[in-house]
Each structure stands twice: as C-alpha cells, then as structure tokens.
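Participant:
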Amino acid sequence: MSIKPLADRVLIKAAAAEEKTVGGIIIPDSAKEKPLQGIVIATGNGTKDEEMVVKSGDNVLYSKYAGTEIEFDGEQYLIMRQSEILAVVE
Numbered sequence: 111m112s113i114k115p116l117a118d119r120v121l122i123k124a125a126a127a128e129e130k131t132v133g134g135i136i137i138p139d140s141a142k143e144k145p146l147q148g149i150v151i152a153t154g155n156g157t158k159d160e161e162m163v164v165k166s167g168d169n170v171l172y173s174k175y176a177g178t179e180i181e182f183d184g185e186q187y188l189i190m191r192q193s194e195i196l197a198v199v200e
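Numbering (the numbering used here), first residue to last: 111 to 200.
1) Apply the 10 Å Cβ neighbour rule to residue 199 and answer buried if 16 or more other Cβ atoms are within range, or exposed otherwise.
2) Our contact map puts residue 181 next to residue 188 with C-beta atoms below 8 Å; I'd like the distance itself, whole angstroms only.
3) With a threshold of 8 Å on Cβ separation, who are the neighbours of residue 175 within its own chain once the five nearest residues in sequence on each side are excluded?
4) Going by other Cβ atoms of all chains shown within 10 Å of its Cβ, with 16 needed for buried, is residue 121 buried or exposed?
5) Around the C-beta of residue 170, are 16 or more other C-beta atoms found within 10 angstroms, so that it is buried, or is it exposed?
6) How close, in whole Å, do the beta carbons of residue 160 and residue 173 come, if the pair is a contact with beta carbons under 8 Å?
7) Measuring CA to CA, which of 183, 158, 147, 186 is closest to residue 167?
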C-alpha cells in the first residue's frame with residue numbers, strides 16, 4: 111500500500127529535527143524547532159490550471175505552518191499543496 115496525492119498535492123518526508131542540548135540539558139521533542147526542508151516522496155498529477163513543477167526526489171523548502179502532518183507505516187509525512195512549497199534546493 112502507498113500514498114498517491116491527488117491534484118496539486120505533494121507528499122513530503124520532512125528532514126529530521128536537529129538534536130540540541132543547552133548546558134547538558136537535552137531539549138524535548140515538543141520544544142524542538144520544526145524542520146522547514148524535506149524530500150518530495152510523491153506528487154499528484156496537477157490541475158488544469160496548475161502544472162506540477164516539483165517531482166519525486168526534489169529537496170524542497172516550505173513555510174513553517176504548511177501542510178498537514180500524517181503518519182503512514184510508522185513514518186511521519188507532510189501532505190501539502192504545491193503552492194505551499196517555497197523553493198527547490200539544488
């Protein structure tokens with residue numbers, strides 16, 4: 111079973127949050143800064159008004175509150191509209 115986004119939506123695997131410590135204290139997951147970068151896993155076909163520009167394997171940047179978090183097969187993903195992606199990192 112796999113996830114296939116519809117229309118102009120994109121499935122993204124977010125980059126791992128950086129592990130930081132402050133004076134020997136480990137910061138809990140809830141206080142970690144969410145990554146704003148990830149890898150495109152799958153894309154929809156686009157719409158008649160918006161052609162798909164990103165493709166699987168692209169490294170992308172997105173805004174802090176973009177997309178919807180989902181869990182599939184024990185992995186965390188984001189699903190968002192292509193318009194929420196800010197840039198492709200080359």
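Backbone N, C-alpha and C fix where the C-beta goes; we use that ideal spot for every residue, glycine too.
Only a predicted model underlies this, so the values are computations on that prediction, with no experimental measurement involved.
Facilitator: On the basis of the coordinates in this document:
1) exposed
2) Not a contact, Cβ separation roughly 11 Å.
3) Cβ neighbours of residue 175 within its own chain (closer than 8 Å, five residues either side excluded): none.
4) buried
5) buried
6) In fact, because the Cβ distance is near 18 Å, the residues do not count as touching under 8 Å.
7) Comparing Cα positions, the closest option is 147.
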